[in-house]
Structures are given as structure tokens and as C-alpha cells.
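What follows is a single structure, written as C-alpha cells, with notes after it.
Number of protein chains: 2
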Amino acid sequence: MNNDKEYLNNLRHSCAHLVAAAVIDLYPGAQNAIGPAIEDGFYQDFDLGDHVISEDDLPRIEEKMKKILESWDSMNEEIVTPEKAKEVFHWNQYKREIVDDILARDEQVKLQTSGSFIDLCRGGHVKKPKEELKYFKLLSVAGAYWKGNEKNKMLTRIYGTAFESKDELDKHLTLLEEAKKRDHRKLGRDLDLFYFSDLVGRGLPLFTPKGTVLREELNAFSQGLRQKRGFQKVWIPHITKNDLYKTSGHWDKFGDELFLVKSQETNDELVMKPMNCPHHQQIYASRPRSYKDLPIKYLETTTIYRDEKAGELLGLSRVRSVTQDDSHIFSTPEQISDIFQMLIEISKEFYQALDMKFRVRLSYRDPHEPDKYLGDPKLWESAQEIIQKIAQQNKLEYYEAPGEAAFYGPKIDFMILDALGREWQIATAQLDFVQPSRFSLKYTDKDGVEKIPVMIHYALVGSLERFLAVYIEHTAGNFPLWLAPIQVAVLPVSDKINDVARKMFELFNEADIRVELDTEAKTLPAKIREWTLKKVPYMCIIGHKEAEKGDSISVRTRDGKDLGLQNIYEFIKQLKQDIGKKI
Amino acid sequence: MNNDKEYLNNLRHSCAHLVAAAVIDLYPGAQNAIGPAIEDGFYQDFDLGDHVISEDDLPRIEEKMKKILESWDSMNEEIVTPEKAKEVFHWNQYKREIVDDILARDEQVKLQTSGSFIDLCRGGHVKKPKEELKYFKLLSVAGAYWKGNEKNKMLTRIYGTAFESKDELDKHLTLLEEAKKRDHRKLGRDLDLFYFSDLVGRGLPLFTPKGTVLREELNAFSQGLRQKRGFQKVWIPHITKNDLYKTSGHWDKFGDELFLVKSQETNDELVMKPMNCPHHQQIYASRPRSYKDLPIKYLETTTIYRDEKAGELLGLSRVRSVTQDDSHIFSTPEQISDIFQMLIEISKEFYQALDMKFRVRLSYRDPHEPDKYLGDPKLWESAQEIIQKIAQQNKLEYYEAPGEAAFYGPKIDFMILDALGREWQIATAQLDFVQPSRFSLKYTDKDGVEKIPVMIHYALVGSLERFLAVYIEHTAGNFPLWLAPIQVAVLPVSDKINDVARKMFELFNEADIRVELDTEAKTLPAKIREWTLKKVPYMCIIGHKEAEKGDSISVRTRDGKDLGLQNIYEFIKQLKQDIGKKI
Chain A
19 MNNDKEYLNN
29 LRHSCAHLVA
39 AAVIDLYPGA
49 QNAIGPAIED
59 GFYQDFDLGD
69 HVISEDDLPR
79 IEEKMKKILE
89 SWDSMNEEIV
99 TPEKAKEVFH
109 WNQYKREIVD
119 DILARDEQVK
129 LQTSGSFIDL
139 CRGGHVKKPK
149 EELKYFKLLS
159 VAGAYWKGNE
169 KNKMLTRIYG
179 TAFESKDELD
189 KHLTLLEEAK
199 KRDHRKLGRD
209 LDLFYFSDLV
219 GRGLPLFTPK
229 GTVLREELNA
239 FSQGLRQKRG
249 FQKVWIPHIT
259 KNDLYKTSGH
269 WDKFGDELFL
279 VKSQETNDEL
289 VMKPMNCPHH
299 QQIYASRPRS
309 YKDLPIKYLE
319 TTTIYRDEKA
329 GELLGLSRVR
339 SVTQDDSHIF
349 STPEQISDIF
359 QMLIEISKEF
369 YQALDMKFRV
379 RLSYRDPHEP
389 DKYLGDPKLW
399 ESAQEIIQKI
409 AQQNKLEYYE
419 APGEAAFYGP
429 KIDFMILDAL
439 GREWQIATAQ
449 LDFVQPSRFS
459 LKYTDKDGVE
469 KIPVMIHYAL
479 VGSLERFLAV
489 YIEHTAGNFP
499 LWLAPIQVAV
509 LPVSDKINDV
519 ARKMFELFNE
529 ADIRVELDTE
539 AKTLPAKIRE
549 WTLKKVPYMC
559 IIGHKEAEKG
569 DSISVRTRDG
579 KDLGLQNIYE
589 FIKQLKQDIG
599 KKI
Chain B
19 MNNDKEYLNN
29 LRHSCAHLVA
39 AAVIDLYPGA
49 QNAIGPAIED
59 GFYQDFDLGD
69 HVISEDDLPR
79 IEEKMKKILE
89 SWDSMNEEIV
99 TPEKAKEVFH
109 WNQYKREIVD
119 DILARDEQVK
129 LQTSGSFIDL
139 CRGGHVKKPK
149 EELKYFKLLS
159 VAGAYWKGNE
169 KNKMLTRIYG
179 TAFESKDELD
189 KHLTLLEEAK
199 KRDHRKLGRD
209 LDLFYFSDLV
219 GRGLPLFTPK
229 GTVLREELNA
239 FSQGLRQKRG
249 FQKVWIPHIT
259 KNDLYKTSGH
269 WDKFGDELFL
279 VKSQETNDEL
289 VMKPMNCPHH
299 QQIYASRPRS
309 YKDLPIKYLE
319 TTTIYRDEKA
329 GELLGLSRVR
339 SVTQDDSHIF
349 STPEQISDIF
359 QMLIEISKEF
369 YQALDMKFRV
379 RLSYRDPHEP
389 DKYLGDPKLW
399 ESAQEIIQKI
409 AQQNKLEYYE
419 APGEAAFYGP
429 KIDFMILDAL
439 GREWQIATAQ
449 LDFVQPSRFS
459 LKYTDKDGVE
469 KIPVMIHYAL
479 VGSLERFLAV
489 YIEHTAGNFP
499 LWLAPIQVAV
509 LPVSDKINDV
519 ARKMFELFNE
529 ADIRVELDTE
539 AKTLPAKIRE
549 WTLKKVPYMC
559 IIGHKEAEKG
569 DSISVRTRDG
579 KDLGLQNIYE
589 FIKQLKQDIG
599 KKI
């Protein structure tokens, strides 16, 4: 079996052609646009004219695909003239526009024929679709702008996937089913964590009190790990004159992603910050520094703004307001090794507490293209060696990725594995040999000579919003006690016990345990069901027996375990200990 | 003696004319622009042509003023035609422009003559300047744009003041002298608290680690006082579609002060938020609410942005990035009284801890202009009664200010008195009968009917930046122990003792006391002078005697008190207690 990534991509790309053939057959006048393979599957875009497709139509399309597949013994490519291609696609304005794009790039125009279906395509298919393309599934329907630009027409996009074996397909579909249940957008609504308002706008989440607890607790943990290692908090505004980015070199790089800010009262040309490093460097630059001051470690959790395309926004995974638990370390070259060792220790402590496994990617420069990178090559070599040595010394699972470094320095990326086996790049520790010199940062060394410090960018949570998207799905909303927005629900079994229950509620409250009291006129089973759905770690039931004793509760967990009768003071003591240990 | 405010304004305005006469006499070709009385004095603007005036020239100008004054027995007003006025001011383009402005407002053009000096002026003078205008002083020189618009020419502004008696003038000059020493911009630089970078821009401070300690500690105190009373943190982004403000009604009101945000990727019309209430109301609106949920108390410290005129920006007193410790309370009308009682308690606790006296201003609607205010008049009446009753019950020093309310509800303003006797409006608790209905906010009442909640805006520190400006000057940088960016400096008397000193330093560090260790090769007196200038509350001196004992330090305070030999563990224990008590 050929299970390499390229073959899977070809299989899926072939399947996209097959969907196109089926839809054009079923919906007269439909025009297919692009249909690439993507991570875990493929999509195919259509202008359906007056037709509308919903997910209910997918089985019918799949049937048609299977029928058409019978005649797809092979896929044949042919290079043609642009004129010929436009003639073939006289019925399809999108394909004709793509022909023009191909010409603009000075590439060849290729047609691809399977059975009676002809498509414009740059290649990458399986040879015998009829035999190879057995295990596919259409998954969903969405809207997507032609070329991703919301000024263009909205097309219909059909998502699907294909695998080499039934087993792999089934496994993937089960995973998708589980992911759907854990979808952070659904859980965010059900658990009242965050909210998108039409008046505020796309990609701009509002966090409710419960969602804000998650943000605050995660952030406090991340900051605490760094503060006890000498990081100092600083504060910067969210806007700046664009001069700052013209100096840093980001002005050209970020281009369209920058939100421009118009001052009506002054001539200042302002932008919202898309990163924090240039501001932090201005704080470093605000007074003379000596080697004795280094390393200087700034820390700030602050929100950056990036003008993402509307079509790319997705729940908390991709937002326009990105809150980073950022830090920037200024050091001598000799200190790099100790600093990376410290950053590895912080990261390990953080992800272990969150019960998330990780491996690291060592992102080096591409040795075949040395001109793509700035900074002293010797510094690069030694820094890459340091990073690798640190990964080995700490017995990290790592892999090397030449060509993955930014142009200004090598980095360590922390790749997190979630409960569904999906991998996410979260934290990163990034060397920077370039920016400090652009901002003329200096320190006076032992020998009295002025030198340029090295800068290290480091974020632990990375984007708080994106991390929450991952973490909510990782835990399916069953947050550990220390993070749970509500840690305990107090459930009296009847009205007569409400007063006793309120006293117990106050005991939790005074102990700074996040608690709610449920005095609704409902049966106990109804209350238990409700608070289980709210995924509250502990339910404290106060029945007549408990109320009589005065200091007793019956404790039940959200996963249905009955912990029996407990002394409330002992229980609170236990909870406080667990919270302290980040359990 | 006539010491009312109007007379003082007339006196100062007359003095502005006198400066104009003197400068025009001394600097041929100089043109005087406007010269109004302001809080505590006056200013007079000039276009000096090629001349330049510095503060060194002020004594010479004062001399000339005194000479001219001899001929100013009276000030005479005369109404003239615009043509006549323009003829008189053929030499002064600014006065001619003002004549046009007066015409546009359909007002009378008046000339005012004293001795041989004629000025254009709308009136407000003393009758006999020669007798009345004896106690004046020119204070400083600055640049100021014509009409405050940076697109216009930069003029020269001379500031001065005048009083009715020598005693009052001397007292004021002493106060200015003291204020100058305490100027928060100077202390901010000397104590390394904040920094303005030319690349980032005007009105956009960067806070260093030390300044950030002040922000964080003040904010934590303010938030803690509210969290223990059931306020819940929320989080909102710093931008929004302008639709939010079109709905709230702020779009027209804020006009020029709004920073507009241009999205290059979408058609969204965005702005930076100039306040937080509309966003917080969207969180309230995100799900149905019952009377049982009220009051709902949201709390968030977040930065708003206002596009102030460049000429109005001043240190931290007036910035473009304003961080507010904001809160919004949603309640039933019946809950207003309890909520205000709670807010008074919070405010008292806060300002008492900071050793700042305050009185409150009860800002009511103007009973003569009921049409200027929105909302049910009965609700206004009862709310104003509640506010007054609360002020009385709490034995607050208060005064009533009809006409000072916003159009949407009455408020309590907390007016803080600083160490120099200056009064500042800081915290405010503001009722709002209007916005909740604009956003269609609802709650289901006991009777099952949907009703509109009342909203209360409340900030304690107000603007963190402005508060710090006031507070730095109030304390002259001698922050109390719990707030001091560095709480303790450990000073070994010689190199040989550095190791012992480092161990002591670590003891403070482990106790979470903000400490620095000074191992520079300097004499002890030099070290003491340096750390006294840095205004660090306690200096712990480790001499040979202390080093031998191993657990002893000699303690000295920043105001020069010698606390003698102390056991370090006892001393740390005492510090922790004092910090806990906000001493």
C-alpha cells in the first residue's frame, strides 16, 4: 500500500474532479471552479446558478459519483493552447478566468479527461480512479467567495474526503463525529463561554464571565511560571505610528494584514499592532543598558490585531483580536543556552499540568539557500547546535526542520497533541538576530564596548483564543477543577433545605471556590442532569440527612461517580489542595 | 476684597492684554492672537515673526508691563463696525480673522483701549488696571497652534498668573514650585516608570517594569474590592463595527474623537472603542436574563482610545490610550439604592487606603431644562433622591450640582484632593436610563413581564494613566510600601560581604518582596544617596557586624530614619504584614 502524503493528495484531488462531474451532471448550468486537496480531504467549489445544495443532497451526489466512476478507467492529461481550453470551457467563466491566470504565470494549460468529463487542471491524480477511488465520503456544504475575496461572488463549496482503505475512512469519520461533538463553537455556546455579536463584528469574540475565568486562569498560570524566573511585566498601547514598523521591517511584510488607524485630529499615520516586539524594544531602548542588566525579560499579555480575510475566520481558532502571552528576552550571545533551557522547563511544566503531550520542531535555516537568512552564519550554526543540544539534554521528542526558520533566526516550536490525536503548533521560542540591530539596541559589555543584544521571542499559550479553541476540544469542556469556571454546584433537595444550603454555599465562597447554588424548584435528578450537562466537576447534594448534621454533603462528580457523604470542611480543604496542585 | 471667581478671571484677562501690549512694544512686527483667562492664570499667544522668546526674556517683559501699566488708568470698551476693526488691525492678520469669526456668530465687534493700547476683545476686565493689577507673574513659554489645529501655524504662548494680593500670589508661586518638583513627567523619567517613544507616537505611553508594577497593583486592588462583592470579569476586543455606536447613539456624540479603523481585507467599517459600555451590553444581551440573575456586575480593565488634539496631550494626564478599571451593573430599579451604597463603600475603602481625601459631587439634571434629558422624569426624581440620601447616610462631604448630569442619568462624582490641595475628578458612578433600551436589553420580572434593566457605569481608578499622573504628584514618588516598584534595596558595605548580601536578597525574593541588590563598588553613603533618590522605602545595610551574625540587617528608610539592627526574618514578617494591610 502506498500511503505517502502525495498519493493521498492525488487520490483526494481526483475525487474533487469526480464531485465536479457528478454535480454538473445533476444540476444543469452548474459551473465548477477550483477543487484542491486539503489537509484531511478536499473541496470543490461551484457556481450553481439558481440551484441550491444542502447537506441532504450529498447522498444523491455520492450515488451519481459512484455511477460516473464506473467509466473512469483512467485519467489522461493533455497540453493544449489557451484558445483551445477557452473553447472547451465556453460554458464555464471560472475555468476561462483560470486560463488567463495560468497565462499570466507563463505556465502550460492542461486538460484532464476521465470518462466523458473534461477538466482544466495542473495535475496530480491517481492513474486508475475506478480501481483506486473506492473509499470516499462527502462531508459538508459551505459558502466561499471566488478567490477568497468577499468582493467576488459567493460560490458553493462541497467538502469531502477519501482514503485508501475502508478502515482508514471509517476511523476518520468516527474522529470527525467526535470532533463535531467537541466543536469549541458548540461548547462555547452550550457552556456560555464566549459570544459573537453582529454589531461588534466577525472574528471579534466577547468573553462572558465563565469564558473570562478560563482566560484569566490560563494566563495567570503562564505568567506565574515566568515571573518566578525573573520575567517582568510591561505595558504597551495597541496602536503605534507606522514609523515603528517601517524601522522594524514589518511594514512591507504584514501589508494587507494591518489594520490602518485614521486620526481625525492629527496627521499621524497609525496602525494597530500586529505584534509586540517593536514596542517592547522601545522600552529596552529607553535607557542605557549594561551587560550586568542582561538578560532582561519582558512579559506582557496583550491583544494584537490582524485583518484576516472574512472567509478564514472560524470560531476562536482564527480571530482578528489575538491575545498573546508574549515575552521578549534580551541577552548576550553567551546566555542563549541557559535561556533556552529555562524556556523548555517552563513549557514542560505548563503542558504537563494541562495534560497535553508535545514534541518539538527544531526549525533551522535551509542550508541550500543561505541568502534567504539574515545575521551572522556562525551565530546561526552555533544557535542551531545549542537548540538541538537542549532538546537532547531534556530528552524531548524532537524533529529537525531545515527551511522552517524565519529569516531572522532559528526557533523551537512546541507541537501539541490533543485528545483526538490532532497536532497543533502552540508555543514557540524564536531567536532574532535582526530586529535588535534595526532598532540600534545596545548594551555595554565588560570590555566597555557597545554590542548588540540577541532577542528571543517566547509565547507559551501563544494565542489565548486559538489555544482555548484547541483546549476546549481537547477536554470536551470537562475542564480540570482549577480551571473550571464553576467548580462546585450546591444542590439542596427541597425548599426546606435552602437556608442550610445557602450557608454551605457561603463556606465555599469564602474559600474562594467558584460555586453556584441551585434553589430552583426542581427534582434532584433534574438538578443533577442540568449540572452534569454544565460539566461542573463537583455537585454537593444536601438532603435532609445532610441538613440535619449541618456540616455534611453528599458529593457526586460530573462523570457520575458517587463520592458519598463528606464533611464539608474536609472537602473544601481537599479542593483547595487540588486547585493549588492544578488538578 | 472681591475674591469671587469672575473678578479673578477679569483680573487675569486684563493681565493678558498687558502682556500683549508689552510684547508688541518690545518685538517689532509681533502680532498678538488670543489671550484668555484659564484655571489659575491666563495665557497670551503671539506670532513673533522672526523673534524668539524664551523664559529668560520673561523678566524683561514683566518690567515693560509695569512701565506700561502706569498709563492704564482705565479700560474702555467701544462697539465698532467690522470694517473699522479691520482697519485698526491692518497689521494683525489674527485679529482680522477673529473679526470674521465674530461676524459668523452674528455678534458685536468690540475694541478695548487702555493707555495707548487697543485690542479686539469680547470684554471681562477690571476697571482700573493701574490700581488693581499689582500682583502678577509670567511663568513659562510654550508653542501652540493657531486655533489648536496642528495644520495651522505654531504660535508662541506666554503663560502667567495674577492675584489680588501679594500673599495669594506668593502662595501660588510656592505651590507651582512644589508642583514642578513633583511633575509626574519628571518623576516618571527619574524613577523609570514610563516612556514616550517618537516611533510609537504622541499620547501613547510605554510602561517600564517599574511603572507596570504601579498599574498592576492599583488595578489588582481596585478589582479585588469589586470581586469580593460579586463583580465578574469579562473580556472584549478593542475594536468594533461602527454599527455598535450607531445603535448606542455614541456615533454622533464622539465624532472627531473616534479613531477609525480601516480593514483592507473586508468591507467592515470599524472603529477603536472610546468606551466599553456598548460591548458589555452585548454580553448581557447574549442570553435571556431573569430578575433572579440581577444585579449582574461586569468588571473589566481595558484600554479605550480617544483621538485627542495633539496640543491637548500632556504626559500621562491626557493620553490617547486610556486604560479604565471599568464596570457595568445591570439591575432592577429597586436595586439602585443598595448598589450605590456598595459603590460608596468600595470608593471609601480605596481612597482611604491611598490616603487621599475626597468629597462627592451629586450631578443632577437641570430642573429648568427638562427637555435636555432622556428617561422617565419620575425615575430621575427618585434616583436623585436616592443618591442624596446615600451621601447623607454615609456622612460624605457632598455638594449638589444641578445641570451636571449626563443626558441619560444622574451621577455621583468622586472629587479627590491631592497633597497640594488641588481637586481632581476621578471615580464616578453613573446611572443610565437610556442605553439599555437602545440595545433592547431585557429581563423577565417576577410577574413574567419583560422589563428593561437600569445600567450603572462605575469606575474606581477611572483612567489608570490619569490617576497615576495625579498620584505620582500626590506622593511625589514616595509610594507606600505595598505599591513601591522596589520595596527593599539590599546594600552590602563591601565586596567581601556580597555573598552574604545575596543570600539575604534571596530571602526577600522568596517572600515575594520586590527587592534589588546593589553590589556596585561604591561607598555606603553613595549607595544610600542613590537608593534614597530612587525613593525605595527600605534600605537594608549589611556591614561586617551584620554579616557575621548572618541573620541581621541595619534598616534605614528613604526619609532618613535609622531603624537600627533588625532580625531579617522578623523584618520580612513585618513587611509582609504591612503590605497585606496596604501600608
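Chains as they are written, first to last, in the working numbering: chain A, 19 to 601; chain B, 19 to 601.
C-beta: ideal position from N, C-alpha, C; glycine also.
When DSSP assignments are scanned along the region 364–403 of chain B, no uninterrupted stretch of alpha helix (DSSP H) that is 4 or more residues long falls wholly within it. Apart from the 5 residues on each side of it in sequence, LEU288 of chain B sits with its Cβ closer than 8 Å to the Cβ of ILE257, THR258, LYS259, ASN260, LEU278, VAL279, LYS280, SER281 in its chain, given in chain order. For ILE97 of chain B, the uninterrupted beta strand (DSSP E) segment begins and ends at 94–98.
Comparing alpha carbon positions, the residue from B:ALA445, B:GLY329, B:LEU332 closest to GLU367 of chain B is B:ALA445. Residues are counted here when their Cβ sits less than 8 Å from a Cβ of chain B; for the region 56–75 of chain A the count is zero. The region 60–75 of chain B and the region 45–52 of chain B touch, with three or more beta-carbon pairs separated by less than 8 Å. Within chain A, the residues whose beta carbon sits less than 7 Å from that of HIS297 of chain B are VAL218, LEU224, listed in sequence order.
Under a 10 Å Cβ-count criterion, GLY229 of chain A is classified as buried, with 16 or more other Cβ atoms of the shown protein chains found around its own Cβ. DSSP assignment within the region 101–138 of chain B yields the following whole beta strand (DSSP E) runs of 3 residues or more, N-terminal first: 127–132, 135–138. Burial check for THR341 of chain B: the Cβ neighbour count within 10 Å reaches 16 or more, so the residue is buried. Bridge pairing for TYR153 of chain B: B:PHE181 [DSSP].
In this structure LYS553 of chain A touches ASN496 of chain A by the C-beta definition: roughly 5 Å separates them, less than 8 Å. Per the C-alpha coordinates, the member of B:LEU156, B:ARG78, B:VAL472 positioned closest to PRO428 of chain B is B:VAL472. Per DSSP, ASN585 of chain B is not a residue of any alpha helix (DSSP H); the beta strand (DSSP E) it occupies stretches across 580–585. Residues of chain B whose Cβ lies closer than 7 Å to the Cβ of ASP274 of chain A are, in chain order, GLN282, GLU283.
Contact check for SER339 of chain A and THR319 of chain A: beta-carbon distance about 13 Å, past the 8 Å limit, so the pair fails to qualify. With at least 16 other beta carbons inside 10 angstroms of its own, TYR461 of chain A counts as buried. GLY427 of chain A sits in a strand when the DSSP states are folded into three classes. Three or more Cβ pairs closer than 8 Å define a contact, and the region 509–528 of chain B falls short of that threshold against the region 202–222 of chain B. Look at the region 442–469 of chain B: it has no residue with a C-beta under 8 Å from a C-beta of chain A.
For the region 256–267 of chain B, the residues whose beta carbon sits under 8 Å from a beta carbon of chain A are, in order, HIS256, ILE257, THR258, LYS259, ASP261, LEU262, THR265. Taking a contact as a CB-CB distance under 8 Å, the pair ILE301 of chain B and THR226 of chain A counts as one, their CB atoms being some 6 Å apart.
ILE97 of chain A sits away from LEU44 of chain A, with the two beta carbons spaced by 8 Å or more. The region 189–202 of chain B makes no contact with the region 234–254 of chain A, as fewer than three CB pairs between them are under 8 Å.
Within chain A, the residues PRO255, HIS256 have their CB atoms less than 8 Å from the CB of THR321 of chain B, given in chain order. The alpha carbon of LYS567 of chain B has as its nearest neighbour, out of B:MET522, B:ASP286, B:GLN592, B:ILE531, the alpha carbon of B:MET522.
Under the three-state reduction of DSSP output, LYS521 of chain B falls in the helix class. Taking a contact to require three or more Cβ pairs closer than 8 Å, the region 290–309 of chain A and the region 201–217 of chain B qualify as touching.
Taking all protein chains in view, the Cβ of SER481 of chain A is crowded by 16 or more other Cβ atoms within 10 Å, so the residue is classified as buried.
Taking a 10 Å sphere around the C-beta of SER92 of chain A, we find fewer than 16 other C-beta atoms and assign the residue as exposed. Note on geometry: alpha-carbon atoms of LEU312 of chain A and SER349 of chain A lie some 5 Å from one another. Listed by position along chain B, the residues whose Cβ is nearer than 8 Å to that of ASP325 of chain A are SER281, GLN282, GLU283, THR284.
Within 8 Å of the CB of GLU534 of chain A, no CB atom of chain B is found; the nearest one sits about 11 Å away. GLU528 of chain A and LYS591 of chain A have their alpha carbons spaced roughly 12 Å apart. The beta carbon of SER72 of chain B lies closer than 7 Å to those of VAL159 in the same chain, with the five residues before and after it left out.
At least one beta carbon of chain A lies nearer than 8 Å to the beta carbon of ILE301 of chain B.
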